[in-house]
Amino acid sequence: MTDMPAPRLAAEVFQQRLLDWFDRYGRHDLPWQSPRSAYRVWVSEIMLQQTQVATVIAYFERFMARFPTLEALAEAPQDEVLHLWTGLGYYARARNLHKAAQVALEAHNGELPTDSVEGLMALPGIGRSTAGAIIAQSTGRRAAILDGNVKRSLTRLHAVAGWPGKPAVERKLWALADYYTPDSRVADYTQAMMDFGATLCKRSTPLCGHCPFNDVCLAYAQGETKRYPESKPKKPLPTRETIMLMLYDPDGRVWLEQRPASGLWGGLWSLPQFDSQSQLASWLDDHVLGPERLPPLACFQHTFSHFRLAITPQPVSCDRLKGVREGGVWYDPSQPAELGLAAPVKSLINQLTPFTLTSTPGHA
DNA sequence: AAGCCGGGGAA
DNA sequence: TTCCCAGGCTT
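Okay, here's the thing in structure tokens:
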């Protein structure tokens, strides 16, 4: 009772052709490939979710320098983990990674439970494909993956219609992915599938002339590689507006508040946000002594996957806060604490340098 | 099944 | 500009 489309090649033939291609043209020098450990493979797989290899490499190196072992990660404060994730996006990945390290330390003797896909999937942030990748790459046992590269390659090879995000399409692709997965050289095979999708069966302008499967690829035979995979049905992005308060004290420190633990920018430190100038004025009135508005910065837009945020930065200088506020810190840009910052917040703070501030009236 | 969750590379 | 990337979680 399988949902699987007819394979284009016997599994053994597919594997042989792919591994021959990989031995010549695959990537064999990625930082998480040597030294290879379950921990390093795991961290790389999480960072690589929805993120390109070229972007990840520098983050991975910094992360490994600071957290060389699972135990080091588990015992670190979350702020430090988010700090090293700043700019990478999808911050739930970092929170889940941190939490999973703590679970592994307490419940699995500090090791990842790589015995089974189900065991790994029980950890936060690890789904079926990531679990398969970790097992294949770190243990060499048979496990299938289905990432964006594999989805793209398989939809073309088999001319699978429909957006791969649809569960019915995804089921077919999982069946194919599992069918082609070999019993031996699984780590190489998994890496080969990802390399093949990333460097040959690319999203645009795939290199079909050099493809080891161009004699059996249905999309190529139809001259319709462009049509696969079908794209996600698109909807217009809604726009939200916000005012970001850049409140500076006489020492040039800026006031940051921590976001709620989950949701957008969860756990990151950000500038206070307001829906209107009157709300901003009211907040200043309630909490700030001696506020003076500074020359405004240019408005700009920050685009998320599901909406667009129109940001109006409002610099304000002050003497101090009235009383103490929980969940906030005075952040010194010249001696930055190791906190996670949302990308546009980091950009704004770096943009408004200490020199800019001290050259404005109202201080010193 | 659909929405939520970032940021950047590439065309 | 537009698309989407080594996806997973929540509702």
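Going by the working numbering, the first residue of the first sequence is number 1362, and it counts up by one from there.
All residues carry an ideal CB built from backbone N, CA and C; glycine is no exception.
Spatial neighbours of residue i within its chain, please: C-beta separation below 7 Å, excluding the five flanking residues on both sides.
{"i": "H1790", "result": "Residue 1790 is absent from the model: the chain starts at 1362 and stops at 1725."}
{"i": "G1486", "result": "I1407, R1454, N1457, L1458, A1461"}
{"i": "L1645", "result": "P1652, V1677"}
{"i": "V1402", "result": "W1393, I1495, Q1498, S1499"}
{"i": "G1480", "result": "P1474"}
{"i": "S1490", "result": "I1506, L1507, D1508"}
{"i": "Q1583", "result": "A1520"}
{"i": "Y1400", "result": "T1430, L1431, L1473"}
Which stretch, first to last residue, makes up the alpha helix (DSSP H) that contains residue i?
{"i": "G1701", "result": "Looking at the DSSP string, G1701 is not in any alpha helix (DSSP H), and its letter there is neither H nor E."}
{"i": "A1453", "result": "1453-1468"}
{"i": "G1480", "result": "1478-1482"}
{"i": "L1515", "result": "1509-1519"}
{"i": "V1414", "result": "1414-1427"}
{"i": "M1555", "result": "1547-1556"}
{"i": "M1365", "result": "Careful: M1365 lies outside any alpha helix (DSSP H) and carries neither H nor E."}
{"i": "Q1498", "result": "1489-1500"}
{"i": "D1544", "result": "Per DSSP, D1544 belongs to no alpha helix (DSSP H) and is neither H nor E."}
{"i": "S1398", "result": "Per DSSP, S1398 belongs to no alpha helix (DSSP H) and is neither H nor E."}
{"i": "A1642", "result": "1638-1648"}
{"i": "F1383", "result": "1372-1386"}
{"i": "A1435", "result": "1431-1435"}
Applying the 10 Å Cβ sphere with the 16-neighbour rule, what's the burial state of residue i?
{"i": "K1533", "result": "buried"}
{"i": "P1438", "result": "exposed"}
{"i": "H1444", "result": "buried"}
{"i": "H1519", "result": "buried"}
{"i": "R1513", "result": "buried"}
{"i": "D1556", "result": "buried"}
{"i": "F1668", "result": "exposed"}
{"i": "A1725", "result": "Annotation note: pLDDT 27 at A1725 (below 50); position unreliable, coordinate value reported separately. It is exposed - the Cβ of A1725 has fewer than 16 other Cβ atoms within 10 Å."}
{"i": "Q1640", "result": "exposed"}
{"i": "G1526", "result": "exposed"}
{"i": "K1593", "result": "exposed"}
{"i": "G1558", "result": "buried"}
{"i": "S1720", "result": "Note that S1720 scores 45 on pLDDT, short of 50, meaning its location in the model is unreliable; the coordinates nonetheless yield the value given after this. So S1720 ends up on the exposed side."}
{"i": "D1476", "result": "exposed"}
{"i": "N1510", "result": "buried"}
{"i": "M1362", "result": "Any reading at M1362 is ruled out, since the residue's pLDDT is 44, under 50, leaving its predicted position unreliable."}
{"i": "T1664", "result": "exposed"}
Closer than 6 Å by C-beta to residue i: which residues in its own chain qualify, once you throw out the five before and the five after it? Chain order, please.
{"i": "W1535", "result": "L1507"}
{"i": "L1617", "result": "W1630, V1690, Y1692"}
{"i": "L1709", "result": "P1674"}
{"i": "L1449", "result": "Y1420"}
{"i": "A1492", "result": "V1478, L1481, M1482"}
{"i": "G1723", "result": "Low per-residue confidence applies at G1723: pLDDT is 37, beneath 50, and the placement is therefore not dependable enough to give any value."}
{"i": "P1599", "result": "F1668"}
{"i": "R1726", "result": "One cannot answer for residue 1726 here, as it falls past the ends of the chain, which runs 1362 to 1725."}
{"i": "Q1638", "result": "none"}
Indicate whether residue i and residue j have their beta-carbon atoms separated by less than 8 Å.
{"i": "P1694", "j": "I1672", "result": "no"}
{"i": "L1380", "j": "D1549", "result": "yes"}
{"i": "A1435", "j": "Q1463", "result": "yes"}
{"i": "Q1335", "j": "M1605", "result": "One cannot answer for residue 1335 here, as it falls past the ends of the chain, which runs 1362 to 1725."}
{"i": "D1440", "j": "L1700", "result": "yes"}
{"i": "H1431", "j": "L1391", "result": "With the sequence shown as reference, residue 1431 is identified as Leu, and His is not the correct amino acid for it. Taking 8 Å as the Cβ cut-off, L1431 and L1391 do not qualify as a contacting pair."}
{"i": "G1627", "j": "R1620", "result": "yes"}
{"i": "R1601", "j": "V1547", "result": "no"}
{"i": "W1382", "j": "A1553", "result": "yes"}
{"i": "T1447", "j": "L1702", "result": "yes"}
{"i": "Q1411", "j": "Y1451", "result": "yes"}
{"i": "F1574", "j": "R1378", "result": "yes"}
{"i": "Q1712", "j": "P1543", "result": "no"}
{"i": "V1417", "j": "S1398", "result": "no"}
So, for residue i: in the same chain, excluding its five sequence neighbours on each side, which residues have a beta-carbon less than 8 Å away from its beta-carbon?
{"i": "G1523", "result": "A1529, V1530, E1591"}
{"i": "L1650", "result": "C1679, D1680, R1681, L1682, K1683"}
{"i": "R1517", "result": "C1562, P1567, C1578, L1579, A1580, Y1581, T1586, Y1589, P1590"}
{"i": "M1365", "result": "K1533, A1536, L1537, Y1540"}
{"i": "C1572", "result": "L1561, C1562, C1578, Y1581"}
{"i": "T1603", "result": "Q1634, F1635, D1636, L1670, A1671, I1672, T1673"}
{"i": "P1657", "result": "T1673, P1674, Q1675, P1676"}
{"i": "K1707", "result": "T1447, G1448"}
For the beta strand (DSSP E) containing residue i, name the first residue and the last one.
{"i": "Q1662", "result": "1661-1664"}
{"i": "L1608", "result": "1600-1609"}
{"i": "Y1589", "result": "It is not in any beta strand (DSSP E) - Y1589 carries neither H nor E in the DSSP assignment."}
{"i": "G1448", "result": "Counting along the chain, G1448 falls outside any beta strand (DSSP E), and DSSP gives it neither H nor E."}
{"i": "S1678", "result": "1669-1678"}
{"i": "W1691", "result": "1689-1692"}
{"i": "E1618", "result": "1615-1619"}
Cβ contact check for the stretch 1415-1429 and the stretch 1659-1679: 3 or more pairs under 8 Å: No contact exists between the stretch 1415-1429 and the stretch 1659-1679.
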